[in-house]
Amino acid sequence: MDIVALMGSPRKHANTDMLLDEMIKGAEENGHNVIKYYVGDLDVHPCRGCGVCTMGKDCVFKDDGFEVTHKIAEAEGLIVSTPIYFGQMTGELKVLLDRLFGITHNPLIPLSGKVALIFTHLGPEGYYDQYIELTKIQPFQMNMHYEIVDVLVAGSLGDVRNQPNKFAEAYEIGKKF
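With numbering that gives the first Met the number 0 applied, the sequence shown covers 0 to 176.
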């Protein structure tokens, strides 16, 4: 199985990235191929809602967002990791996920698969549960018709290395692919 992993945090090698790497490790040890994208390093124009994609045509933007969304469409799995900033995923990740409109609404591009989600934040465990539930539903279940493999939430973070159980949980979720 091919899996695309999106690292939504602008902080490489920090909490969200370390947990994502553990999840990738679990998936790769199960024989899957994983390609990882640092979303902040991509050149992605925001969707402008022009509707060209709904007519069976490709997105008008031929940027990194075009490449990544097509890789997601070709893959059978997706891992999305993001810290929660000001109550939501990072802006860069949201812009990229909005571009999936061009895939999900294009009748010539089939889309289905599995998704695992990682959310990190500074609030206490359970603080962002409503937001996380909403994010699972839209876009992943409603528009993308993805099966949710699992969700890892690491709250009250500090340094995630002080929460070794979260690394084990990330690894085990990766093994579920």
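Think of the CB as a built atom: it goes at the ideal place given N, C-alpha and C, for glycine as much as any other residue.
- A straight line joining the alpha-carbon of residue 108 with that of residue 18 spans about 31 Å.
- No Cβ-Cβ contact shorter than 8 Å links residue 143 with residue 80.
- With a 10 Å radius around the Cβ and a threshold of 16 neighbouring Cβ atoms, residue 10 comes out exposed.
- In this chain, the beta strand (DSSP E) harbouring residue 149 covers 145-153.
- 8 Å or more divides the Cβ of residue 131 from the Cβ of residue 139.
- Here the segment 30-46 makes contact with the segment 88-101; the two share three or more CB pairs at distances below 8 Å.
- With a minimum length of 3 residues, the unbroken runs of beta strand (DSSP E) contained wholly in the segment 27-75 fall at 32-37.
- Residues of the same chain with a CB within less than 6 Å of the CB of residue 21, apart from the 5 flanking positions on each side, are 166, 169, 170 in chain order.
- Residue 78 is positioned such that its CB atom lies closer than 8 Å to that of residue 4.
- With distances taken between CA atoms, residue 160 lies nearest to 12 out of 0, 8, 175, 12.
- Contact annotation, residue 136 with residue 114: C-beta distance approximately 12 Å; criterion of less than 8 Å not satisfied.
- Ranked by how close their Cα comes to the Cα of residue 152, the residues 174, 175, 123, 145 have 123 in first place.
- Around the C-beta of residue 59, fewer than 16 other C-beta atoms lie within 10 Å, and the residue is accordingly described as exposed.
- Non-local beta-carbon contacts of residue 15 in its own chain, meaning distances under 8 Å to residues more than five positions away in sequence, involve 6, 7, 8, 80, 81, 82, 117, 119 in chain order.
- Residue 74 is positioned such that its CB atom lies no closer than 8 Å to that of residue 25.
- In the DSSP assignment, residue 103 forms no beta bridge with any residue.
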